[in-house]
Amino acid sequence: MSRQSEPPAVPALDLKAQYQTIRSEIETVVRNVLESQYFILGPEVAGLEAEVARYSEAAHGVGCASGSDALLLPLLALEVGPGDEVVTTPYTFFATAGAIWRTGARPVFVDIDPQTFNIDPSKLEAAITPRTKVVIPVHLYGQTADMDEINAIAAGHGLSVLEDSAQAIGARYKGRRTGALGQVAAFSFYPSKNLGAFGDAGMATTDDTELAQRMARLRVHGMEPKYHHHEVGFNSRLDALQAAVLRVKLRHLDDWTNARREAAERYRSLFEEHDLLDRVTLPGERPECFHVYNQYVIRVPASARDLLRAYLSTQRVGTEIYYPIPLHLQVCFSSLGHEPGDFPIAEAAARETIALPMYPELTEEAQAHVVGSIRRYFDSLGRTSTKSGERAA
Ligand SMILES: Cc1ncc(COP(=O)(O)O)c(C=O)c1O
Numbered sequence: 110m111s112r113q114s115e116p117p118a119v120p121a122l123d124l125k126a127q128y129q130t131i132r133s134e135i136e137t138v139v140r141n142v143l144e145s146q147y148f149i150l151g152p153e154v155a156g157l158e159a160e161v162a163r164y165s166e167a168a169h170g171v172g173c174a175s176g177s178d179a180l181l182l183p184l185l186a187l188e189v190g191p192g193d194e195v196v197t198t199p200y201t202f203f204a205t206a207g208a209i210w211r212t213g214a215r216p217v218f219v220d221i222d223p224q225t226f227n228i229d230p231s232k233l234e235a236a237i238t239p240r241t242k243v244v245i246p247v248h249l250y251g252q253t254a255d256m257d258e259i260n261a262i263a264a265g266h267g268l269s270v271l272e273d274s275a276q277a278i279g280a281r282y283k284g285r286r287t288g289a290l291g292q293v294a295a296f297s298f299y300p301s302k303n304l305g306a307f308g309d310a311g312m313a314t315t316d317d318t319e320l321a322q323r324m325a326r327l328r329v330h331g332m333e334p335k336y337h338h339h340e341v342g343f344n345s346r347l348d349a350l351q352a353a354v355l356r357v358k359l360r361h362l363d364d365w366t367n368a369r370r371e372a373a374e375r376y377r378s379l380f381e382e383h384d385l386l387d388r389v390t391l392p393g394e395r396p397e398c399f400h401v402y403n404q405y406v407i408r409v410p411a412s413a414r415d416l417l418r419a420y421l422s423t424q425r426v427g428t429e430i431y432y433p434i435p436l437h438l439q440v441c442f443s444s445l446g447h448e449p450g451d452f453p454i455a456e457a458a459a460r461e462t463i464a465l466p467m468y469p470e471l472t473e474e475a476q477a478h479v480v481g482s483i484r485r486y487f488d489s490l491g492r493t494s495t496k497s498g499e500r501a502a
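110 is the number of the first residue of the sequence shown in the working numbering; add one for each residue after it.
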């Protein structure tokens, strides 16, 4: 497996490559904010809220300090609290369940679909109790959850649906963008997201005017008008500098999304060309979903995953594991009483998935190096084991 010359470095994410393409636009808007000395909320944030809401096909946007707060604000505005239950997936970034916990409510997990890694709607009904108030489907890796099924079940029980769209701005479900597919949605503008700020930022979107007003009040300590507090909120104000940067980036988002989708298509062709489809499972794309590939996550046998990752690192290929420990097994949730085996599909995903480099500027040459390296790794093992650990015929 040794190579003569050093292979090209392919990081898991390359933010510098994107910055080079928009540097002068960014410098202009940052200078404008500096000249204005208007740093918190204000016209830049209002402008971003209107633009993200329009982009997401929602009536209102409420900018806040992070995607985590974009989950917490709607839960608080929906008056979720101690004694309530909120149903979600155990296979997501911690913030989804962390926001539920922060309100004092109990996160109730439902296992995932093995193809999409999203919450399995066929298991949702069984998790609903008289205490359930909200369902949070997560559009994981950039592909929407099965919203029609989820909305129908939620409506049948009078529950609110909060989309965790942190990874899925621009994604579509049956033609409609995420953002108003449920009652309210949460977006993250963490730098690694498809629309990433130069720091932390987030936004909740909704068609519900009252809910939007309440979230806007909660993010400023429940204050309205100035120094009048009718309820206790917290500080989750969005910075004007972040909003200005995000407004520039939003103009490029569709081009970047298309580039991500083209890169995903190239990965598929390369895996086929390298005859690797018996070794790896590629992302399962649903025809009704427009996937925006925040992450390109493949599945390999659990026995190979960490060794493959270590080998790719020697080949200067960056990878990540999203997520190595499902949330029901996190120490901080031990009081929920879960055990290994409770959500077997999520647990298998945690052992078998690996995220490959994915960003709009990813080149064909870089992808050829990634997939070629995966081919060499499996060649080094011989052809004795196949996908899902079975012996080859
Ligand atoms: C699915 C999901 N939910 C919530 C969040 C929280 O967003 P943030 O990191 O902006 O607080 C993230 C991203 O980190 C995420 O991926």
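Every residue, glycine too, gets a C-beta built ideally from N, C-alpha and C.
Residue i - DSSP class collapsed to helix/strand/coil
i: Pro-120; result: coil
i: Ser-494; result: The predicted model places Ser-494 with a pLDDT of 49, which falls under 50 and marks its position as unreliable; any figure quoted below should be read in that light. DSSP places Ser-494 in strand when its eight states are reduced to three.
i: His-447; result: coil
i: Thr-390; result: strand
i: Ser-133; result: helix
i: Tyr-200; result: coil
i: Tyr-282; result: strand
i: Gly-308; result: coil
i: Val-102; result: Residue 102 lies beyond the residue range present for the chain, which begins at 110 and ends at 502; the question has no answer from this structure.
i: Ser-489; result: helix
i: Glu-374; result: helix
i: His-400; result: coil
i: Phe-296; result: strand
i: Glu-499; result: Because Glu-499 carries a pLDDT of 42, less than 50, the predicted location of this residue cannot be relied on, and the following value inherits that uncertainty. The answer is coil: DSSP assigns Glu-499 none of H, G, I, E or B.
i: Glu-473; result: helix
i: Ser-111; result: Residue placement at Ser-111 is flagged as unreliable, the pLDDT there being 46, under the threshold of 50; the coordinate-derived value follows with that caveat. Ser-111: coil per DSSP, three-state reduction.
i: Ser-482; result: helix
i: Arg-140; result: helix
i: Gln-127; result: helix
i: Ala-353; result: helix
i: Ile-454; result: helix
When the options are compared against residue i, the one with the closest alpha-carbon
i: Pro-466; options: Arg-375, Tyr-147, Ser-443; result: Arg-375
i: Thr-225; options: Pro-392, Glu-470, His-478; result: Pro-392
i: Arg-484; options: Tyr-468, Leu-471, Gln-129, Ala-413; result: Ala-413
i: His-338; options: Leu-355, Leu-347, Arg-328; result: Arg-328
i: Tyr-164; options: Ala-186, Arg-360, Asp-348; result: Arg-360
i: Gln-252; options: Arg-408, Pro-469, Ile-237, Pro-396; result: Pro-396
i: Thr-201; options: Ile-228, Leu-181, Glu-194; result: Ile-228
i: Gly-308; options: Gln-351, Gly-279, Pro-334, Met-324; result: Gln-351
i: Asn-344; options: Cys-173, Ala-368, Phe-442, Glu-319; result: Cys-173
i: Gly-305; options: His-330, Glu-333, Ala-275, Arg-323; result: Ala-275
i: Ile-278; options: Asp-255, Ala-261, Gly-311, Ala-475; result: Gly-311
i: Leu-421; options: Thr-366, Arg-370, His-478, Glu-448; result: His-478
Residues sharing a beta bridge with residue i, DSSP
i: Ala-464; result: Val-406, Glu-429
i: Ile-149; result: Asp-348
i: Thr-366; result: DSSP lists no partner for Thr-366.
i: His-338; result: Met-332
i: Glu-319; result: Beta-bridge pairing links Glu-319 to no other residue.
i: Ala-313; result: Val-171, Ala-295
i: Glu-194; result: Arg-215, Thr-241
Within 7 Å, strictly: CB atoms of residue i and residue j
i: Pro-183; j: Leu-271; result: yes
i: Tyr-250; j: Val-406; result: yes
i: Ala-313; j: Ala-179; result: yes
i: Phe-487; j: Phe-218; result: no
i: Ala-411; j: Glu-461; result: yes
i: Ile-107; j: Ile-221; result: No statement about residue 107 is possible, as the shown extent of the chain runs from 110 to 502 and does not include it.
i: Val-171; j: Ala-321; result: yes
i: Asp-316; j: Ala-214; result: no
i: Val-243; j: Val-189; result: yes
i: Leu-181; j: Ala-208; result: yes
i: Leu-417; j: Val-409; result: yes
i: Ala-121; j: Glu-470; result: no
i: Ala-373; j: Tyr-336; result: no
i: Ala-280; j: Phe-399; result: yes
i: Thr-205; j: Val-247; result: yes
i: Val-90; j: Leu-347; result: Because the chain spans 110 through 502 in this model, residue 90 falls outside it and cannot be assessed.
i: Thr-197; j: Ile-237; result: no
i: Thr-423; j: Ile-463; result: no
Residue-chain proximity (residue i, chain C), Cβ-Cβ < 7 Å
i: Glu-473; result: Chain labels in this structure do not include chain C; a single protein chain is all it has.
query = Whole beta strand (DSSP E) runs in the stretch 206-272 with 3 or more residues, listed along the chain?
reply = Within the stretch 206-272, the complete beta strand (DSSP E) segments of 3 residues or longer fall at 215-218, 241-245, listed in chain order.
message = To test your reading of the DSSP string, which unbroken beta strand (DSSP E) runs of 3 or more residues are found completely within the stretch 152-180?
response = The stretch 152-180 is shown to contain whole beta strand (DSSP E) runs of 3 or more residues at 169-173, in chain order.
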